[in-house]
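Asks: In this note's numbering, the protein residues as written are 67 to 458.
Can you read through this structure? Questions will come right after.
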């Protein structure tokens, strides 16, 4: 008789398909758009740093698609910076924004030191209004362009550094160029919270932001992007896939870096939510809960915690085992993670599952060589996974 990872006896092997969301079921494009708008707002809005803007300004309450595209191109360098971060296991848009902003502030601090004859700028970001003081200190300095940010990363980050270690390395590297502590450059610092809430205000819109975070956004007046989500195959075709998998004896689950509400709202819009057992809808919110329970860093992807929640359920009594990577499927289990990124490959491998690459993420079919290098199969889009699972 087989045994599961938690010691309970079972007769049948586990059969499950676990879905990432962004780049697999839903387009990541809106997240990348919002990440660029967040960088723009932190730098140039009078609510935040208020730096003088080179080029077109726009009203955040009435931003057009053309303005969004222009902003994204300028911030992310035609997505080359996004590709750089994804290749190093950084999958969270919040963390991508963080990398961009702390690097920009680092470059500006070095320019400040050069122009002031050796004086180092001191910055603190305990609350959103502190951003205005930082803007006054840095006023008149050139804001780095996307190519400047990318060059700094290439010069600073050693090969093989992945995930949160990338941000830690940047934070430690910049410490000597400031006249104050740079703890704000670390993940989940007060500065990180400031710009993630700015991101949420853009993405959720005022009404949903208030209902979820229970306070008004610092810079409001936005409609939000949640209702503009785009599925990566016809929504009904994806729902039919879920149904067919269950008819063939597979359970289905989700493992996403989204917060719970950001997953639930579009899932309900597209009538996917009712196909899942909520116990196996694992999100970044579960990782935050585990962090609070065990007073540890948030076990985001590429750590396997969220994948383990999708395999064994969002069960608090198992969280410690998930964090210790002590629960793993048996070799004969058929558990597949469907993901679009290197971060997903790393996390699923540590969780002990099989993997299917989906070529609808940021790099599209350009991700195929990475999946091949990692020795995992890939398909053009999510509705093609049955070719791998059932061999047809």
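We put the CB at the ideal spot given by N, CA and C, even for glycine.
What is the DSSP secondary structure of residue 400, reduced to helix, strand or coil?
Replies: Three-state result, residue 400: strand.
Asks: The alpha helix (DSSP H) spanning residue 282 covers which residue range?
Replies: Neither: residue 282 is in no alpha helix (DSSP H) and is coded neither H nor E.
Asks: Who are the near neighbours of residue 150 in its chain, counting only those whose CB is closer than 7 Å to its CB and skipping five residues on each side?
Replies: Hits under 7 Å: 216, 219.
Asks: Helix, strand or coil: which one does DSSP assign to residue 84?
Replies: Of the three classes helix, strand and coil, the one that applies to residue 84 here is strand, per DSSP.
Asks: Please classify residue 130 as buried or exposed, where buried requires at least 16 neighbouring CB atoms within 10 angstroms.
Replies: Answer is exposed; the Cβ neighbour count stays below 16.
Asks: Take the Cβ of residue 309 as the centre, count every other Cβ of all protein chains shown within 10 Å, and call the residue buried at 16 or more, exposed below.
Replies: It counts as exposed.
Asks: Are residue 444 and residue 423 close, meaning C-beta to C-beta below 8 Å?
Replies: Contact flag set, yes.
Asks: Decide if the segment 111-121 is in contact with the segment 396-416; the criterion is three or more beta carbon pairs, one per stretch, under 8 Å apart.
Replies: As far as the Cβ criterion goes, the segment 111-121 does not touch the segment 396-416, which means the pair count is below three.
Asks: Are the segment 355-367 and the segment 328-341 touching by the rule of at least three beta carbon pairs closer than 8 Å?
Replies: Touching, no, given that fewer than three Cβ pairs across the two stretches are closer than 8 Å.
Asks: Give me the Cβ distance between residue 379 and residue 350, rounded to the nearest whole Å; I'm assuming they're in contact under 8 Å.
Replies: About 17 Å separates the two Cβ atoms, so there is no contact after all.
Asks: Run the CB neighbour count on residue 281, radius 10 Å, all protein chains shown included, and call it buried at 16 or more, exposed below.
Replies: When all chains shown are included, residue 281 counts as exposed.
Asks: Quick one, which of 382, 433, 435, 367 has its alpha-carbon nearest residue 415's?
Replies: Residue 415 has its Cα closest to that of 367, out of 382, 433, 435, 367.
Asks: In the structure shown, what three-state DSSP assignment does residue 347 receive?
Replies: Reduced to three states, the DSSP call for residue 347 is strand.
Asks: Is residue 300 helix, strand or coil by DSSP?
Replies: Coil, per DSSP.
Asks: Please check the pair residue 320 and residue 87, which I expect to be a contact at CB under 8 Å, by giving their CB distance rounded to whole angstroms.
Replies: About 7 Å; that satisfies the 8 Å criterion.
Asks: To test your reading of the DSSP string, which unbroken alpha helix (DSSP H) runs of 4 or more residues are found completely within the segment 195-275?
Replies: Within the segment 195-275, the complete alpha helix (DSSP H) runs of at least 4 residues are 196-204, 212-222, 230-240.
Asks: Could you tell me which of 269, 193, 161, 431 sits nearest to residue 364, measuring between CA atoms?
Replies: For residue 364, the nearest C-alpha among the options comes from 161.
Asks: Mind the definition here: the segment 172-187 touches the segment 202-217 only if three or more C-beta pairs lie below 8 Å; say whether that holds.
Replies: Yes, they touch.
Asks: Express the C-alpha separation of residue 261 and residue 453 in angstroms, rounding to a whole number.
Replies: For residue 453 and residue 261, the distance between alpha carbons rounds to 42 Å.
Asks: What residue ranges within the segment 313-384 form continuous alpha helix (DSSP H) runs of no fewer than 4 residues, ordered along the chain?
Replies: Listed in chain order, they are 326-335, 350-360, 371-378.
Asks: Given a cut-off of 8 Å on the beta-carbon distance, is the pair residue 286 and residue 270 in contact?
Replies: No.
Asks: Under a Cβ-count criterion, where at least 16 other Cβ atoms within 10 Å of its own Cβ denotes burial, should residue 152 be classed as buried or exposed?
Replies: Result: buried.
Asks: Taking the alpha helix (DSSP H) that residue 124 belongs to, which residues open and close that run?
Replies: Here residue 124 belongs to no alpha helix (DSSP H), and DSSP marks it neither H nor E.
Asks: Measuring CB atoms only, is the segment 132-139 touching the segment 338-352, in the sense that at least three cross pairs come out at less than 8 Å?
Replies: In short, these stretches do not touch, since the Cβ pair count stays below three.
Asks: From residue 154 to residue 79, what distance separates their C-alpha atoms?
Replies: Their Cα atoms are separated by approximately 34 Å.
Asks: How is the beta strand (DSSP E) around residue 423 delimited, first residue to last?
Replies: Unbroken beta strand (DSSP E) run through residue 423: 420-424.
Asks: Going straight from the alpha carbon of residue 197 to that of residue 389, what length do you get?
Replies: Going by the C-alpha atoms only, they are around 35 Å apart.
Asks: Considering only residues of the same chain and omitting the five flanking positions on each side of residue 257, which have a CB-CB separation below 6 Å?
Replies: Excluding sequence neighbours, residue 257 sits near 191, 250.
Asks: What are the start and end residues of the alpha helix (DSSP H) that includes residue 177?
Replies: It spans 159-181 - the alpha helix (DSSP H) in which residue 177 sits, taken as one unbroken run.
Asks: Could you give the first and the last residue of the continuous alpha helix (DSSP H) run that contains residue 132?
Replies: Here the alpha helix (DSSP H) through residue 132 covers 131-142.
Asks: Going by Cα to Cα distance, which pick from 438, 109, 376 is closest to residue 203?
Replies: Checking every option, the nearest Cα to that of residue 203 belongs to 109.
Asks: I need the straight-line Cα distance from residue 142 to residue 315, nearest angstrom please.
Replies: When rounded, the distance between both Cα atoms is 43 Å.
Asks: Straight-line CA distance for residue 340 to residue 233?
Replies: Whole-angstrom Cα-Cα distance: 38 Å.
Asks: Checking the sheet assignment: what are the DSSP bridge partners for residue 405?
Replies: Beta-bridge pairing links residue 405 to 423.
Asks: Taking the alpha carbon of residue 431 as the reference point, which residue from 446, 439, 165 has its own alpha carbon closest?
Replies: It is 446 whose Cα lies nearest to the Cα of residue 431.
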